[in-house]
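Written below as structure tokens is the structure these notes are about.
Residue numbers (my numbering), protein chains in the order written: chain S, 450 to 858; chain F, 941 to 1059.
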């Protein structure tokens, strides 16, 4: 029998490899053609392998078949054009025979990452296209990972491809400065994929964790490149390592997510923490401090259990806010302020945040009032949060807190 | 929203030589205050602190020592914030460490550039 898990794994990684290479020849406007060829390749593999099992070199097998399919397709097209137009015949010698090598795959992947992470795509479209083309996720898998449905994912993919068609050309040669200019957005997309895995409320742990590992894989791939400064990439990898070190501890509760202070610290993955430290050290050799450096250092302190850590974390959040604002950073800073100074002081500042339509804002205030031992206001804010909450898992969490608070009255 | 510049004015004390710990504590106070403004999404630019040393160039071409003209007070630094109006900008100065040291905070609206619409 055929090993399904191994098959899925091969298809997934080879999908993005083959698409990246074929797109060099088809161009992004015909991304669909490249996708069709890869699908056909996989179909052939399924047929051929279902009896005899997976061959010894499955990737080489797939690459060879894809090469042949591309060549057939090319001949068909040429034939067609020759018959209609003689002009085309003159250009028909342009065919480059392709040989899919590791080097070609790596170069193509890199280009693909930088072309696809386009600032004009919105968050959802960017996630869909990155998961499909860079991570080889099927439409079903994307739908599961993003808590969406197939139709909606297909629509988003279609629109994303349309947007890209008009904006970029795969023939475009990327210069060293292009790489440097676009790196910020590439890192944003990788972090987006990671966070979707880390914070999404899908109950399927495997899919969720997989998003995290995929983001880390892309990060490590980028950190091995030589076209741009990689210190920000290394900082992002460090950040992801520190965060991911708590994945297992978070999921060990049975009933869903365990909060940071509820986790069993012995379950934190020390190997990932050490890896994170290595990357953070490498990242510190760069000249500029990016938000990833700051966030990675914050994440590092969260893996530590020592005196004075909240003062450090507060200071880092303060610095982070001088680089950019986000409501999440603002709320996390309030929590750090409560830990480092006092809940009272944190409440005073949190009331100024002005995030009245954010359910997490009311959860934060409730938590700060709990720390300040003001049960009435804690209950009051949990109720406000309940009015705004949409996700089922969060509703359960808030209700649980409310019950605990009410039992103390 | 409009931009406002906060100018921190104080009289420098030449005899004050803070220890590294005191400097660190002072920086922490400033960062806590700046972070509070940032958390409200109202920080435009954290700005800079200015050193005590300086020279002043006059219209007649002469140059004098020190950044201060007539008063002993000097500008020690600046921060740019965004706020709805002057009143809101003034409210943001609450807790500014400059005020604890007997200094002053001057809040001034940044004039919008004519041809670029401000949002």
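Quick reminder that beta carbons are idealized off the backbone N, C-alpha and C, glycines included.
C-beta atoms of residue i and residue j nearer than 9 Å
{"i": "residue 941 (chain F)", "j": "residue 1023 (chain F)", "result": "yes"}
{"i": "residue 1020 (chain F)", "j": "residue 945 (chain F)", "result": "yes"}
{"i": "residue 796 (chain S)", "j": "residue 821 (chain S)", "result": "yes"}
{"i": "residue 578 (chain S)", "j": "residue 606 (chain S)", "result": "yes"}
{"i": "residue 558 (chain S)", "j": "residue 567 (chain S)", "result": "no"}
{"i": "residue 511 (chain S)", "j": "residue 486 (chain S)", "result": "no"}
{"i": "residue 580 (chain S)", "j": "residue 660 (chain S)", "result": "yes"}
{"i": "residue 638 (chain S)", "j": "residue 729 (chain S)", "result": "no"}
{"i": "residue 672 (chain S)", "j": "residue 582 (chain S)", "result": "no"}
{"i": "residue 834 (chain S)", "j": "residue 808 (chain S)", "result": "yes"}
{"i": "residue 694 (chain S)", "j": "residue 722 (chain S)", "result": "yes"}
{"i": "residue 725 (chain S)", "j": "residue 687 (chain S)", "result": "yes"}
{"i": "residue 978 (chain F)", "j": "residue 781 (chain S)", "result": "no"}
{"i": "residue 732 (chain S)", "j": "residue 683 (chain S)", "result": "yes"}
{"i": "residue 1016 (chain F)", "j": "residue 981 (chain F)", "result": "no"}
{"i": "residue 494 (chain S)", "j": "residue 460 (chain S)", "result": "yes"}
{"i": "residue 691 (chain S)", "j": "residue 612 (chain S)", "result": "no"}
{"i": "residue 553 (chain S)", "j": "residue 975 (chain F)", "result": "no"}
{"i": "residue 949 (chain F)", "j": "residue 1014 (chain F)", "result": "yes"}
{"i": "residue 562 (chain S)", "j": "residue 471 (chain S)", "result": "no"}
{"i": "residue 783 (chain S)", "j": "residue 743 (chain S)", "result": "no"}
{"i": "residue 589 (chain S)", "j": "residue 629 (chain S)", "result": "no"}
Host alpha helix (DSSP H) of residue i (start-end)
{"i": "residue 637 (chain S)", "result": "625 to 648"}
{"i": "residue 845 (chain S)", "result": "841 to 857"}
{"i": "residue 1051 (chain F)", "result": "Looking at the DSSP string, residue 1051 (chain F) is not in any alpha helix (DSSP H), and its letter there is neither H nor E."}
{"i": "residue 1003 (chain F)", "result": "Taken as a continuous stretch (DSSP letters only), residue 1003 (chain F) belongs to no alpha helix (DSSP H), being part of the beta strand (DSSP E) at 1003 to 1005."}
{"i": "residue 781 (chain S)", "result": "776 to 789"}
{"i": "residue 836 (chain S)", "result": "824 to 837"}
{"i": "residue 999 (chain F)", "result": "Note, residue 999 (chain F): premise wrong, no alpha helix (DSSP H); not H, not E."}
{"i": "residue 964 (chain F)", "result": "960 to 979"}
{"i": "residue 811 (chain S)", "result": "808 to 820"}
{"i": "residue 924 (chain F)", "result": "A query on residue 924 (chain F) cannot be resolved here, the shown segment of chain F reaching from 941 to 1059 and no further."}
{"i": "residue 763 (chain S)", "result": "758 to 772"}
{"i": "residue 798 (chain S)", "result": "792 to 799"}
{"i": "residue 1037 (chain F)", "result": "1037 to 1040"}
Given residue i as reference, the closest of the options once Cα atoms are compared
{"i": "residue 641 (chain S)", "options": "S:663, S:626 and S:630", "result": "S:663"}
{"i": "residue 626 (chain S)", "options": "S:719, S:582, S:581 and S:676", "result": "S:676"}
{"i": "residue 947 (chain F)", "options": "F:1052, F:1002 and F:986", "result": "F:986"}
{"i": "residue 966 (chain F)", "options": "F:1048, F:1038 and F:1031", "result": "F:1038"}
{"i": "residue 456 (chain S)", "options": "S:469, S:497 and S:468", "result": "S:497"}
{"i": "residue 633 (chain S)", "options": "S:808, S:741 and S:514", "result": "S:741"}
{"i": "residue 850 (chain S)", "options": "S:708, S:672, S:468 and S:779", "result": "S:708"}
{"i": "residue 468 (chain S)", "options": "S:532, S:594 and S:491", "result": "S:491"}
{"i": "residue 806 (chain S)", "options": "S:600, S:838 and S:471", "result": "S:838"}
{"i": "residue 560 (chain S)", "options": "S:670, S:780 and S:720", "result": "S:670"}
{"i": "residue 968 (chain F)", "options": "S:687, S:759 and S:521", "result": "S:759"}
{"i": "residue 804 (chain S)", "options": "S:779, S:685, S:613 and S:756", "result": "S:779"}
{"i": "residue 645 (chain S)", "options": "S:635, S:657 and S:816", "result": "S:657"}
{"i": "residue 516 (chain S)", "options": "S:668, S:696 and S:547", "result": "S:547"}
{"i": "residue 954 (chain F)", "options": "F:1006, F:1025 and F:1049", "result": "F:1006"}
{"i": "residue 1025 (chain F)", "options": "F:1040, F:1051, F:952 and F:988", "result": "F:1051"}
{"i": "residue 689 (chain S)", "options": "S:727, S:745, S:679 and S:739", "result": "S:745"}
{"i": "residue 474 (chain S)", "options": "S:501, S:813, S:522 and S:786", "result": "S:522"}
{"i": "residue 956 (chain F)", "options": "F:984, F:996, F:1018 and F:1041", "result": "F:1041"}
Terminal residues of the beta strand (DSSP E) in which residue i lies
{"i": "residue 949 (chain F)", "result": "942 to 950"}
{"i": "residue 1014 (chain F)", "result": "1014 to 1023"}
{"i": "residue 983 (chain F)", "result": "983 to 989"}
Could you tell me which uninterrupted beta strand (DSSP E) segments, each at least 3 residues in length, are contained entirely in the segment 460 to 518 of chain S, listed from first to last along the chain?
Taking 3 residues as the minimum length, the segment 460 to 518 of chain S contains no beta strand (DSSP E) run wholly inside it.
Along the chain, which unbroken stretches of the alpha helix (DSSP H) at least 4 residues long are found entirely within the segment 558 to 593 of chain S?
Correct list: 572 to 578.
Looking at C-beta atoms only, is the number of pairs between the segment 992 to 1006 of chain F and the segment 827 to 847 of chain S that lie closer than 8 Å three or more?
Taking 8 Å as the limit for Cβ pairs, the verdict is that the segment 827 to 847 of chain S does not touch the segment 992 to 1006 of chain F.
Counting pairs of Cβ atoms below 8 Å between the segment 524 to 532 of chain S and the segment 472 to 486 of chain S, do you hit three or more?
Taking 8 Å as the limit for Cβ pairs, the verdict is that the segment 472 to 486 of chain S does not touch the segment 524 to 532 of chain S.
Mind pulling the beta strand (DSSP E) runs of 3 or more residues that sit fully within the segment 672 to 739 of chain S?
None, since the segment 672 to 739 of chain S contains no complete beta strand (DSSP E) of that length.
Under 8 Å: do the segment 708 to 716 of chain S and the segment 771 to 785 of chain S share three or more Cβ pairs, one atom per stretch?
Between the segment 708 to 716 of chain S and the segment 771 to 785 of chain S, the count of C-beta pairs closer than 8 Å stays below three; the two stretches do not touch.
Sufficient close CB pairs (3 or more, under 8 Å) joining the segment 1024 to 1033 of chain F to the segment 952 to 965 of chain F:
With a cut-off of 8 Å, the segment 952 to 965 of chain F and the segment 1024 to 1033 of chain F do not count as touching, because too few Cβ pairs lie within range.
Hey, is the segment 753 to 772 of chain S in contact with the segment 795 to 811 of chain S, meaning 3+ C-beta pairs nearer than 8 Å?
Two segments are said to touch when three or more pairs of C-beta atoms, one from each, lie closer than 8 Å; by this definition the segment 753 to 772 of chain S does not touch the segment 795 to 811 of chain S.
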